[in-house]
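Asks: Mind having a look at this structure? Questions to follow.
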Amino acid sequence: MAKEVLLHICCGICASSVVERLRQEGYKPTGFFYNPNIHPQEDYQQRLAVAKKVAQILDFELIEGPYEKDNWFKLTKGLEKEPEGGKRCFLCFKMRLEAAKIKAGELGIPKFTTTLTVSPHKNMAVINELGKAIGPLEFLPYDFKKQDGFRHAIDFAKLHNLYRQNYCGCVYSRNNGVSLERGAGTPFQGVTGSVSDRQRG
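When we follow our numbering, the leftmost residue of the sequence shown carries the number -5, and every step to the right adds one.
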C-alpha cells in the first residue's frame, strides 16, 4: 500500500518530476497549491491552471489553498529591496511550508514535502531545514534537482506545451527573471478538469 504524503506545489511543471519520483519511492502524493506570493493575480491563475493540467495528466489529487496575498504582503513588508534568496524568501518559504503542514494535519496525512527544491534558484538546504523545524508532522527533505529532476520538468513542459513563467513569483522577483528556465514563456493553451472537493479558501 502506498504511503501518503502531502506535496506542496510551487508550480505544476516542478511537480511533474517530483510526483513521478515520489511514486517510484512508494508514496502516494496529494498536491497542495498554496502560493500567495504569486503576483499579479492573472499569473497566479495561469500557474494554477498549469498545476491542474499536470494533475490531470499524472492523475493525482490537487487541492487549491487560499490565495492570501494580503497576508503575504504584510509578512514581507519592509523587505521589498531584499536580494533574491534573502530574508524575504526565507519568510515566504516558511509561510508556504507552514500552510502545507496544517493542510496535511487536516487531511490526516502524516508526512509532507515541497517541490521548491526542483529549482536551481532556490536554496535546498534552507528549505529542508525550515521544513524539518516546523513539526510536528514529518517533513521529507529532498533535493529534487538531483536525478535530473529539473531537466525532466523542463522536458515535460515542452512535451505538453505548458506555460513556463519567466520570474519566481512575487512582484519583487519579477524584474530579476528568476525562472524555471531562462528565456521561458511558452504560451499556455488552457486546461480541463477541476480542483478537489477538499479545496478550502
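Quick reminder that beta carbons are idealized off the backbone N, C-alpha and C, glycines included.
(1) Could you check where the alpha helix (DSSP H) with Ile103 kicks off and where it finishes?
(2) Assign Val172 to one of two classes, buried (16 or more other C-beta atoms within 10 Å of its C-beta) or exposed (fewer than that).
(3) Hey, how far is the Cα of Phe27 from the Cα of Glu62?
(4) Let me check one thing: in DSSP terms, what residues is Thr24 bridge-paired to?
(5) In angstroms, rounded to a whole number, what distance separates the CA positions of Ile32 and Gly163?
(6) So Glu123 is in the beta strand (DSSP E); what residue range does that whole segment cover?
(7) DSSP on Glu19, reduced to helix/strand/coil?
(8) Do Ser11 and Val112 come within 9 Å of each other at the CB atom, strictly closer than that value?
(9) At which residue ranges does the stretch 36 to 101 contain complete alpha helix (DSSP H) runs of 4 or more residues, listed in the order of the chain?
(10) Under the rule that 16 or more other beta-carbon atoms within 10 Å means buried, what is Lys97, buried or exposed?
(11) Would you mind reading off the limits of the alpha helix (DSSP H) that contains Ser167?
(12) As a quick exercise: from Gly79, Lys105 and Lys75, pick the residue whose alpha carbon is nearest that of Leu91.
Replies: Let me spell this out:
(1) No alpha helix (DSSP H) holds Ile103; DSSP gives it neither H nor E.
(2) Bear in mind that a pLDDT of 47 at Val172, under 50, signals an unreliable position, so the number given afterwards is only what the model happens to contain. So Val172 counts as buried.
(3) 12 Å
(4) Leu0
(5) 4 Å
(6) Not the beta strand (DSSP E): Glu123 falls in the alpha helix (DSSP H), residues Met118 to Ile128.
(7) coil
(8) yes
(9) 63 to 69 and 81 to 101
(10) buried
(11) Val165 to Arg168
(12) Lys105
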